[in-house]
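See structure below.
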Amino acid sequence: MAERILQYIAEQNTRLATAQINKNTAEKARAYYNLGIAYCFLKDVHQEIEYLKQYLSIAEEDVGDRAGQGEAYLKLGLAYNSLKEFQRAIEYHNQHLRIAKEVGDRADEGRAYGNLGATYHSLKEFQRAIEYHNQHLRIAKEEVGDRALEGKAYDSLGLAYNNLDEFQRAIEYNNKCLIIAKEDGDRALEGKAYANFGVACGSLSEFQRAIEYNNKCLIIAKEVGDMAGQGQAYANLGAIYCLLGGYQRGMEYTNKSLIIAKEFGDMEGQRLAYSNLGVAYDRLEEFPQAMECHKKALSIANEVGDRRGKGHAYLNIGDVHKSLCDVPRAMEYYKQFLSNAEEIGDRVGQGNAYCRLGSCYEDRHDFKEAMECYKQHLSIAEEIGDRKGEACAHSGLGRSFLFSYSLNEALEHFRCCVKICDTIRASSISEDELKMSFRTKHQFAYTHLWQVLVMLERNDEALYAAERGRAQALLDALKVTYGLTSLSPRSIESEEEVRNISRKTTVLTVFLAIHLQTVNMWVLRKEGNPIFRQKRLDIGREREDPFVLLLETVLKKIDSTSTTGDDDQTSDPSQKTADSLQPLYDAVIGPIEDLLDGDELIVVPDGALSKAPWAALSETLRIRSVPSLTSLKLITDSSSGHHSKSGALLVGDPCLEKVKRKGEKPFTPLKYARMEVKMIGEILKSQPLTGEDATKEAILQRIGSVALVHIAAHGKKETGEIFLAPDPRCESKPPKEEDCIMKMSDIQAVKLRARLVVLSCCHSGQGEVSSEGVVGMARAFLFAGARSVLATLWAIDDEATKMFMESFYQQLARGESASVALQRAMKCLRDSHNYSAPKYWAPFVLMGDDVKIELAK
1 MAERILQYIA EQNTRLATAQ INKNTAEKAR AYYNLGIAYC FLKDVHQEIE YLKQYLSIAE
61 EDVGDRAGQG EAYLKLGLAY NSLKEFQRAI EYHNQHLRIA KEVGDRADEG RAYGNLGATY
121 HSLKEFQRAI EYHNQHLRIA KEEVGDRALE GKAYDSLGLA YNNLDEFQRA IEYNNKCLII
181 AKEDGDRALE GKAYANFGVA CGSLSEFQRA IEYNNKCLII AKEVGDMAGQ GQAYANLGAI
241 YCLLGGYQRG MEYTNKSLII AKEFGDMEGQ RLAYSNLGVA YDRLEEFPQA MECHKKALSI
301 ANEVGDRRGK GHAYLNIGDV HKSLCDVPRA MEYYKQFLSN AEEIGDRVGQ GNAYCRLGSC
361 YEDRHDFKEA MECYKQHLSI AEEIGDRKGE ACAHSGLGRS FLFSYSLNEA LEHFRCCVKI
421 CDTIRASSIS EDELKMSFRT KHQFAYTHLW QVLVMLERND EALYAAERGR AQALLDALKV
481 TYGLTSLSPR SIESEEEVRN ISRKTTVLTV FLAIHLQTVN MWVLRKEGNP IFRQKRLDIG
541 REREDPFVLL LETVLKKIDS TSTTGDDDQT SDPSQKTADS LQPLYDAVIG PIEDLLDGDE
601 LIVVPDGALS KAPWAALSET LRIRSVPSLT SLKLITDSSS GHHSKSGALL VGDPCLEKVK
661 RKGEKPFTPL KYARMEVKMI GEILKSQPLT GEDATKEAIL QRIGSVALVH IAAHGKKETG
721 EIFLAPDPRC ESKPPKEEDC IMKMSDIQAV KLRARLVVLS CCHSGQGEVS SEGVVGMARA
781 FLFAGARSVL ATLWAIDDEA TKMFMESFYQ QLARGESASV ALQRAMKCLR DSHNYSAPKY
841 WAPFVLMGDD VKIELAK
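Numbered per UniProt numbering, the sequence shown spans residues 1 to 857.
Put into structure tokens, the structure is as follows:
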């Protein structure tokens, strides 16, 4: 194509030279015009402008080609648009409009209105842009009947209304644009409509729809080769994931958008990318990188005269100063942002400024001023339909009233905040990871709600509020897993439903909720109302979590990081007894000891206590944990036929000898793990997968149909994810560590029917602590449908674990439940000569239901 255009340019230059010799003005004008159009195709804007101006200098005086002049004015306007010289572009678009009116070309007149609207949009003069786009629409729709032009007018109007924060009107126009784009098969226009939908839905806190629309935009942009569209989709996805707390994923998308923006010299795209990266770095507490990104965004905004972008840079720089506890500097930037937002009519920006200023006044203990700011934010958020902003404003008002000791007013605002957050999560987010990050981001609203109820001595209500905030994403998954079609998979349990669950417990249960140095405990019995107790820990310094410190102290005392098999090398005699676990027992079980009835206890843990070795805290109590009361009810109420009653999948000592590890020692064979699964296989008459046969593919093919899953393998320290043998078809030679790992997402994608999953792997009970409990492999198996999971909290000794599992399965074979088998297997090691130290028997924890396995089947 380029060669043909260059040949054409040569021909036109010859034509021009001949016209000049012959003094043929008309021919000379036509040659200039053709050269301008040719350079337009080559995207040589400056040459295009030069030749079109040469054409016009002749055409305006000597040639009566008004249509050609109009087209030249159009091309010049677009050329100056591309050079960001918008005022000059407007001059030429107006000339194009004048000629279109003069010659009565209504279609061309519509095009001129559209181009003027687009130029004013670039100048951020959105109301003027809308006026021109409406003129464009009227002509396209009513006078020339051009559906393609009508669709483009709808697209432009939707984009303008998005920028004016009138999102419902934007959606109306986007719908009309999308209908026409699909009718005409205009994939590029369809992609633009999806992009506009994504912006509007994201601004209305409909985050899942926003993600879906932006992904559709991305697919089409790749299909039609629209790099600018790809950049916009990546930018929008990055902003949404960061907004929901998924910062790492958000940064991946944003970096992709930045690469494209730099490649095409898109300054607005670069500014937006730096802004979003800065927000992510700020939330990840990488403040120097955050400040650098925001200053780059501010520099670009100043360079291109972007008032809105400049204001947002002020806001973000203020946020970094706030994170660094420099409240005065933060307020300076927030006030600059507010002033800028008021000048340009940015209502969303004004709301955000008031929210930030309210937080600063709150830090200064000026709660009256803080309330005024939060009220301003709430008013604006309600006006523009910003649900996320409403939640933020209610949370701020709740805190201000709480710290002013106006507890009833605080309670109402926290209720409103939690209700909105629940609605957003339930109606707008479907991805498990995003649900968790969104819930974590708004953790304090849920905590403050039940905390205020406790302060008002409305303890039962506090329990129901705390329970409704637990393991929400897991509950959504369990409703789908157990086929509860009468319930929405993203519904929120009412207070009455939670009250009924707490009153119908059949096993003594203690529900824990941590706030600062106090653990709040509700004891639920078969009959009667919950009994409330509290325990304060006076350990640690300010800003330290005393429960983290307690757990670390206990685990250090029992030497949980060491798993040597030689008991004689243990220097601290207390490690050989359960006494080292006593401080943990005293903190949580001790305060309710007088209420213990029977030999079984269920714990609903919170915070750092989610990683406590519950089963090891008592020799007489069989203790297991559950993520929430409601999750346990969903599991235990599942139909009798849901979980399999026969079949076993046994996995032991996957071959990892050839796997290359970065900066770590090679994997060591687990000879006792292999013996362990062979022993269990003899009991169950089932052939285990070991060595090179224990691949992820082989396991995932069989795991969904069996009643018992037992995996004895290496586990990843941070997450508990499991290392399996590499697939023989693995492309990496030698295989890498990431080629051999079974992730949480792999398990969550499977429909399990297992009654019991035993993860005889190091760290299989580990993961990140959140409102979901511990987000690791144990939760993934519950998520996928396992009724009960036995996992480990730290690195386990290979030989000791074989001995433990031999006892555990002997008890199961006698018809005992998993909790009884666990208790007796722990006693077996406790009474042994070599493995009496708690570090060997204490890491095993049981989560979920207490099941029995019919091993004969």
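For glycine and all other residues, C-beta sits at the position ideal for the given N, C-alpha and C.
Continuous beta strand (DSSP E) assignments of at least 3 residues falling wholly in the stretch 823 to 853: 844 to 848
Reduced DSSP category for E497 - H, G, I as helix; E, B as strand; rest coil: helix
Burial state of G70 (16 or more Cβ within 10 Å): buried
For W614, the first and last residue of its enclosing alpha helix (DSSP H): Run containing W614: none; DSSP gives neither H nor E here.
Which listed residue (H515, D184, T620, R525) has its alpha carbon closest to that of F547: H515
Reference R753; option with closest CA among K645, L164, L689, G191: K645
Identified DSSP bridge partners for R622: E600
Beta-carbon proximity of G720 to M777, cut-off 8 Å: yes
Beta-bridge pairing of E535 - partner residues as DSSP gives them: Sequence inspection shows Lys at residue 535; the Glu mentioned does not correspond to that position. Beta-bridge pairing links K535 to V519.
Same chain, Cβ closer than 7 Å to I9, five either side skipped, listed in chain order: L35, A38
Buried or exposed (CB count within 10 angstroms, at least 16 for buried), A842: buried
Entirely enclosed alpha helix (DSSP H) segments - the stretch 264 to 308, minimum 4 residues: 267 to 283, 287 to 304
Own chain partners of W450 with C-beta closer than 7 Å, once the 5 adjacent residues on each side are dropped: A462, A465, A466, A513
Nearest-angstrom beta carbon gap, A673 and T695 [assumed within contact, 8 Å]: About 16 Å separates the two Cβ atoms, so there is no contact after all.
S788: first and last residue of the uninterrupted beta strand (DSSP E) it sits in: 788 to 792
Classification of G560 by the beta-carbon crowding that lies within 10 angstroms, buried from 16 upward: According to the sequence shown, residue 560 is Ser rather than Gly. With 16 or more Cβ atoms within 10 Å of its Cβ, S560 is classed as buried.
Spatial distance of L6 from S57 (CA atoms): 24 Å
Residue span of the beta strand (DSSP E) that contains L244, given as start and end: It is not in any beta strand (DSSP E) - L244 carries neither H nor E in the DSSP assignment.
Secondary structure, alpha helix (DSSP H): runs of 4+ residues fully inside the stretch 748 to 784: 777 to 784
Where the beta strand (DSSP E) through V659 begins and ends: Per DSSP, V659 belongs to no beta strand (DSSP E) and is neither H nor E.
Length of the line joining the Cα atoms of A195 and Y213: 6 Å
DSSP beta-bridge partners of V144: In the DSSP output, where bridge partners are listed per residue, V144 has none listed.
Same chain only: Cβ atoms within 8 Å of K751, ignoring 5 sequence neighbours per side: T481, G704, A784, G785
D638 versus F781, Y92, L484, M742, residue with shortest Cα-Cα distance: The question names Asp, yet the displayed sequence has Ser at residue 638. Comparing Cα positions, the closest option is L484.
Beta carbon of L204 nearer than 8 Å to that of A193: no
Y132 beta carbon less than 8 Å from that of L116: yes
Boundaries of the alpha helix (DSSP H) in which I699 is found, first to last residue: 696 to 702
Option in M227, N174, D165 with minimal Cα separation from G151: N174
Which residues DSSP lists as bridging H710, in chain order: L650, V758
Span of the alpha helix (DSSP H), counted from its first residue to its last, around T801: 798 to 813
Three CB pairs or more closer than 8 Å across the stretch 365 to 372 and the stretch 319 to 329: no
The alpha helix (DSSP H) enclosing T481, as first and last residue numbers: 472 to 481
CB contact flag (residue 872, Q748, <8 Å): A query on residue 872 cannot be resolved here, the shown segment of the chain reaching from 1 to 857 and no further.
For T630, the first and last residue of its enclosing alpha helix (DSSP H): 629 to 636
C-alpha distance - K576 paired with A612, whole-angstrom precision: With a pLDDT of only 49 at K576, under 50, the local geometry of the prediction cannot be trusted, and the value read off the model is given with reservation. Their backbone Cα atoms lie some 19 Å apart in a straight line.
Reference E457, options E692, Q289, L411, closest by Cα: L411
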